[in-house]
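Protein chains: 2
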Amino acid sequence: MNIVIIGGVAAGAKAAAKVKRLLPDASVKIYTRDTHVSYSSCGLPYYIQGNFTDYTALLVRSVEEFAQAGIDVYLNSNVEKILPIQRDILVANSYNAELVPYDKLIIATGASPVIPEIKGIKYFDNVYTVRTIEDGINIRNQMLKSKNAIIIGGGYIGIEILEAFSKNGLNTHLFEKNSHIMPSLDSDISLSIQKRLDKVENKNFTIHTNEFVTEIIGENGKANKIFTSNNLEYDCDIVVICAGVKPNAELAYDAGIEIGETGAIKVNKLMRTSYENIFACGDCAEKTHIVSGQKVWVPLGSTANKEGRCAAMNAAGIYCEFEGVLGSMVTRCLNTTIAMTGLTEQAAHKVGFNPVSVIVNKFDKVAYMPDADEITLKVIADKVTGLLLGAQAVGSVGADKRVNTITSALLGHLTVEQFSSNDITYSPPYSPTIDPLLNAMQILCNKTSRSC
Amino acid sequence: MNIVIIGGVAAGAKAAAKVKRLLPDASVKIYTRDTHVSYSSCGLPYYIQGNFTDYTALLVRSVEEFAQAGIDVYLNSNVEKILPIQRDILVANSYNAELVPYDKLIIATGASPVIPEIKGIKYFDNVYTVRTIEDGINIRNQMLKSKNAIIIGGGYIGIEILEAFSKNGLNTHLFEKNSHIMPSLDSDISLSIQKRLDKVENKNFTIHTNEFVTEIIGENGKANKIFTSNNLEYDCDIVVICAGVKPNAELAYDAGIEIGETGAIKVNKLMRTSYENIFACGDCAEKTHIVSGQKVWVPLGSTANKEGRCAAMNAAGIYCEFEGVLGSMVTRCLNTTIAMTGLTEQAAHKVGFNPVSVIVNKFDKVAYMPDADEITLKVIADKVTGLLLGAQAVGSVGADKRVNTITSALLGHLTVEQFSSNDITYSPPYSPTIDPLLNAMQILCNKTSRSC
């Protein structure tokens with residue numbers, strides 16, 4: 000049994016390890032274009048910041064560890080074609096080409112940074128994206144000799160890099176073309192993030208919304224100035240592009256594998272593609288949203304792990320279903336934790352719910368505790384059924400706790416009424432007597448058609 | 000309409016405020032033996048510690064604020080009898096006695112500390128319980144002039160006082176007669192709490208298990224030495240009794256109001272007692288456990304608030320059900336957060352489930368993050384149905400997050416299999432790629448009869 004895996008960061012690495020444990024006698028091979036395998040790309044902003052200084056901490060399993068487990072890893076290996084009929088992949092390095100046969104193929108080609116159409120964006124060495132180990136090393140090295148930084152995009156990678164640069168004393172300008180940073184959240188919540196960031200002490204950064212970079216100029220291969228849509232210019236020693244990612248689905252598309260409406264590879268609950276013996280998992284694969292039932296593309300390392308495991312099990316002949324995602328995320332920018340799960344109010348409207356919502360601003364613990372901090376919590380429910388649809392929270396450490404409490408409620412299809420009697424933990428260092436979650440539910444109860 | 004409330008700490012205060020809002024024309028009176036009304040007794044250990052120095056921060060609403068809302072508060076007022084047939088209560092101060100008529104009565108008499116049978120325990124001024132504002136003020140004042148402290152009991156109040164004394168530099172001995180501190184948890188989890196506390200730097204306390212105080216001696220009204228069941232003796236300048244609490248149900252019992260099997264006042268889902276127009280709520284009332292369906296007595300401020308609200312609504316003629324509790328709790332002792340929800344493994348056995356469990360020891364965030372700390376998480380499920388029954392966690396800040404994620408799952412009656420695909424939030428500062436919760440569920444899946 001030949002099992003071939005394309006890609007080896009999160010989903011691919013997990014799938015390889017799992018399938019080899021299930022089928023010890025199978026040949027398991029990972030082919031990746033990357034110079035590294037099995038690493039935490041989510042950790043790059045924290046390596047750049049200097050939370051730890053040895054980048055090898057990001058590596059989960061080395062090539063040698065894979066070899067010891069009987070898994071062959073081929074780094075710097077470009078897979079040029081998938082040939083589903085003859086069950087081969089075409090691997091081409093600069094010096095040779097090879098057909099590698101497979102019985103089961105697992106595609107885990109991940110995602111790539113979106114490069115916006117900005118004049119000069121491709122000309123300079125000090126303009127980076129944040130995806131690979133090399134990106135991390137290069138950005139950190141350049142950051143350490145930089146004074147002025149530009150970040151293009153205010154999504155979660157953008158604000159994580161903002162934290163890194165701010166902590167390292169750089170004077171940073173972040174540009175978000177939408178009206179708010181974190182545009183995947185509802186705008187009222189995005190606004191409360193900006194309000195908190197405005198209160199950071201010794202603020203050495205500026206967030207520009209409704210503004211984008213139009214041109215990058217420089218000399219000797221180094222960018223030194225950018226121009227913006229507001230006809231302003233800013234000096235820079237480093238530019239980081241955080242304008243989102245797109246699924247690496249071309250290889251699959253070229254092979255005739257069906258692509259979903261989101262642009263990612265279409266899979267069923269078994270992570271199987273339109274070809275019986277080809278699976279896809281991780282950032283290259285489309286997902287089902289558990290609340291809306293609709294197809295979505297939410298690329299995240301935690302999902303990649305689950306999908307990699309599920310793809311491996313089915314490839315090994317053991318039935319496993321992956322139900323889908325809730326779109327849950329958490330991130331941090333300086334004094335602020337940002338978390339969400341389920342549908343935003345905007346998304347709930349789009350998919351046909353009749354959403355009602357509430358925003359509460361409360362202390363995250365009893366107000367007399369010395370480190371009590373505000374939390375802004377938004378909860379969204381369907382007006383007619385009272386069904387919980389999603390939540391977003393902005394605050395200090397407790398924001399992700401509230402959102403995770405909602406994830407299980409979404410999984411269990413709880414209504415606002417049911418949740419409002421939830422016996423969540425209480426003690427002054429951890430929560431007010433009436434938790435913001437329960438506070439929100441009590442208010443939301445009155446907005447739904449079901450009384451509680 | 001005369002509404003009378005006996006007790007005014009949490010449930011009573013909440014009920015009074017709510018019922019007055021619902022029935023602005025009603026007469027609402029609170030009678031309490033206490034010298035204060037509407038305060039956070041859960042905050043006393045943090046006041047004693049010195050997290051804040053003004054005890055009035057513990058007061059939620061003052062007598063004046065109640066008066067402004069049209070609610071009369073009678074402090075230092077001893078209710079001697081409830082007379083359900085004639086619908087009066089008998090209030091007796093030292094100087095007079097008065098019959099106060101009611102149309103609806105809400106009993107919120109709370110709980111009292113258990114005083115163990117220890118020779119000399121009642122003779123000394125510097126032997127305290129932790130319940131009222133005065134207790135807090137007295138303990139703090141005595142602590143500030145003490146070197147050696149004794150804590151009797153290792154439940155959550157005991158370990159919270161231990162934190163307070165340790166942070167204030169006292170040399171403290173805590174005695175727990177059971178084999179582990181936090182005896183309401185499973186013993187394997189209690190043990191992991193002790194292991195963490197053993198690692199505290201500059202440890203100035205000793206936890207004695209399987210040992211109890213047998214005698215307290217002293218002179219001039221001050222205890223100065225205790226003797227233990229191991230025939231040892233310890234000097235002391237302060238002794239705090241944290242040996243649990245018991246419901247204040249005598250007044251109700253004497254009036255012929257039905258008492259439940261737990262010793263607390265029996266109520267239905269509407270918080271109604273065996274008398275149509277008498278309600279009970281808070282620490283004096285019995286609760287229903289949502290997972291087991293059985294009657295339990297878990298006295299907690301957060302539950303008191305919910306029950307007070309529900310009792311007030313029904314007293315005002317607005318239908319409201321209180322479903323019950325999950326037994327959720329969280330507390331902190333120095334470097335350790337301890338949280339639980341649902342049934343312990345031991346309790347699950349007792350009520351007839353066939354529990355299986357798993358304990359995982361994992362980092363609470365990605366290991367390369369600078370403040371990564373271990374979390375010990377136990378999850379319990381029913382072997383036959385796969386139904387989640389409960390969870391306990393010990394660790395740093397993230398322990399309560401994991402437990403709260405389970406509370407909603409218990410409320411939604413999720414199985415291990417369903418939970419194992421939960422899309423909980425992930426980012427290196429907040430969670431490893433595979434959260435300890437999901438890790439535990441994957442292992443637990445293999446122990447239940449349902450495959451996943």
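Just so you know, the protein sequences line up as chains A and B, in that order. Each residue of the first sequence is one higher than the one before, counting from 0 in numbering that gives the first Met the number 0. Each residue of the second sequence is one higher than the one before, counting from 0 in numbering that gives the first Met the number 0. Virtual Cβ for every residue (Gly too), placed ideally from N, Cα, C.
At the 8 Å Cβ level, is residue i part of the contact set with chain A, yes or no?
{"i": "residue 393 of chain B", "result": "no"}
{"i": "residue 235 of chain B", "result": "no"}
{"i": "residue 338 of chain B", "result": "yes"}
{"i": "residue 446 of chain B", "result": "no"}
{"i": "residue 19 of chain B", "result": "no"}
{"i": "residue 165 of chain B", "result": "no"}
{"i": "residue 420 of chain B", "result": "yes"}
{"i": "residue 93 of chain B", "result": "no"}
With respect to the alpha helix (DSSP H) encompassing residue i, which residues constitute its N-terminal and C-terminal limits?
{"i": "residue 155 of chain B", "result": "155 to 166"}
{"i": "residue 189 of chain B", "result": "186 to 197"}
{"i": "residue 123 of chain B", "result": "Residue 123 of chain B -> no alpha helix (DSSP H), and no H or E assigned at all."}
{"i": "residue 301 of chain A", "result": "300 to 314"}
{"i": "residue 460 of chain B", "result": "A question about residue 460 of chain B goes unanswered here, because the residues of chain B that appear run from 0 up to 451."}
{"i": "residue 253 of chain B", "result": "249 to 253"}
According to the Cβ coordinates, are residue i and residue j closer than 8 Å?
{"i": "residue 115 of chain B", "j": "residue 130 of chain B", "result": "no"}
{"i": "residue 427 of chain A", "j": "residue 281 of chain B", "result": "no"}
{"i": "residue 383 of chain B", "j": "residue 353 of chain B", "result": "yes"}
{"i": "residue 259 of chain B", "j": "residue 288 of chain B", "result": "no"}
{"i": "residue 212 of chain B", "j": "residue 151 of chain B", "result": "yes"}
{"i": "residue 88 of chain A", "j": "residue 73 of chain A", "result": "no"}
{"i": "residue 284 of chain B", "j": "residue 80 of chain B", "result": "no"}
{"i": "residue 149 of chain A", "j": "residue 172 of chain A", "result": "yes"}
{"i": "residue 311 of chain A", "j": "residue 21 of chain A", "result": "yes"}
{"i": "residue 8 of chain A", "j": "residue 40 of chain A", "result": "yes"}
{"i": "residue 257 of chain B", "j": "residue 272 of chain B", "result": "yes"}
{"i": "residue 5 of chain A", "j": "residue 18 of chain A", "result": "no"}
{"i": "residue 109 of chain A", "j": "residue 247 of chain A", "result": "yes"}
{"i": "residue 376 of chain A", "j": "residue 443 of chain A", "result": "no"}
{"i": "residue 387 of chain A", "j": "residue 408 of chain A", "result": "yes"}
{"i": "residue 106 of chain A", "j": "residue 264 of chain A", "result": "yes"}
Ends of the beta strand (DSSP E) at residue i?
{"i": "residue 1 of chain B", "result": "1 to 5"}
{"i": "residue 331 of chain A", "result": "328 to 332"}
{"i": "residue 87 of chain B", "result": "87 to 91"}
{"i": "residue 356 of chain B", "result": "354 to 362"}
{"i": "residue 407 of chain B", "result": "No beta strand (DSSP E) holds residue 407 of chain B; the alpha helix (DSSP H) holding it covers 398 to 410."}
If you measure from the beta carbon of residue i to each beta carbon in chain B, is any gap under 8 Å?
{"i": "residue 56 of chain A", "result": "yes"}
{"i": "residue 423 of chain A", "result": "yes"}
{"i": "residue 300 of chain A", "result": "yes"}
{"i": "residue 382 of chain A", "result": "no"}
{"i": "residue 30 of chain A", "result": "no"}
{"i": "residue 146 of chain A", "result": "no"}
{"i": "residue 429 of chain A", "result": "yes"}
{"i": "residue 258 of chain A", "result": "no"}
{"i": "residue 304 of chain A", "result": "yes"}
{"i": "residue 532 of chain A", "result": "There is simply no residue 532 of chain A to check, as chain A begins at 0 and stops at 451 in what is shown."}
{"i": "residue 343 of chain A", "result": "no"}
{"i": "residue 158 of chain A", "result": "no"}
{"i": "residue 261 of chain A", "result": "no"}
Looking at the strands, I want to know which residues DSSP matches up with residue i.
{"i": "residue 24 of chain A", "result": "Looking at the DSSP assignment, residue 24 of chain A forms no beta bridge with any residue, so it has no partner."}
{"i": "residue 233 of chain A", "result": "A/225"}
{"i": "residue 136 of chain A", "result": "Per DSSP, none; premise fails for residue 136 of chain A."}
(message) At a CB distance below 9 Å, what residues from the stretch 391 to 417 of chain B approach chain A? Give them in sequence order.
(response) Across the stretch 391 to 417 of chain B, CB contacts with chain A closer than 9 Å involve 396, 397, 399, 400, 401, 402, 403, 404, 405, 406, 407, 408, 409, 410, 411, 412, 413, 417, in sequence order along the chain.
(message) Counting only Cβ-Cβ distances shorter than 9 Å, please list the residues of the stretch 282 to 295 of chain B near chain A, keeping chain order.
(response) Answer in chain order: 289.
(request) Taking a Cβ distance cut-off of 7 Å, strictly less, list which residues of the stretch 363 to 378 of chain B are near chain A, in chain order. (result) So the close ones are 365, 367, 368, 369.
(request) Using a Cβ-Cβ cut-off of less than 7 Å, list which residues of the stretch 34 to 51 of chain A approach chain B; keep chain order. (result) Those would be 39, 41, 42, 45, 50, 51, in chain order.
(request) Below 9 Å between beta carbons is the criterion; list the residues of the stretch 167 to 198 of chain A that meet it against any residue of chain B, in chain order. (result) Listed in sequence order: no entries.
(message) Which residues of the stretch 200 to 230 of chain A have a Cβ closer than 9 Å to any Cβ of chain B? Give them in chain order.
(response) Closer than 9 Å at the C-beta level to chain B, one finds no residue of the stretch 200 to 230 of chain A.
(request) Taking only beta carbons into account, state which residues of the stretch 311 to 330 of chain B come closer than 9 Å to chain A, listed in chain order. (result) Interface annotation for the stretch 311 to 330 of chain B against chain A: 318, 319, 320, 321, 322, 323, 324, 325, 326, 327, 328, 329, 330, criterion Cβ-Cβ distance under 9 Å.
(request) Taking a Cβ distance cut-off of 8 Å, strictly less, list which residues of the stretch 63 to 96 of chain A are near chain B, in chain order. (result) Along the stretch 63 to 96 of chain A, there is no position whose C-beta sits under 8 Å from a C-beta of chain B.
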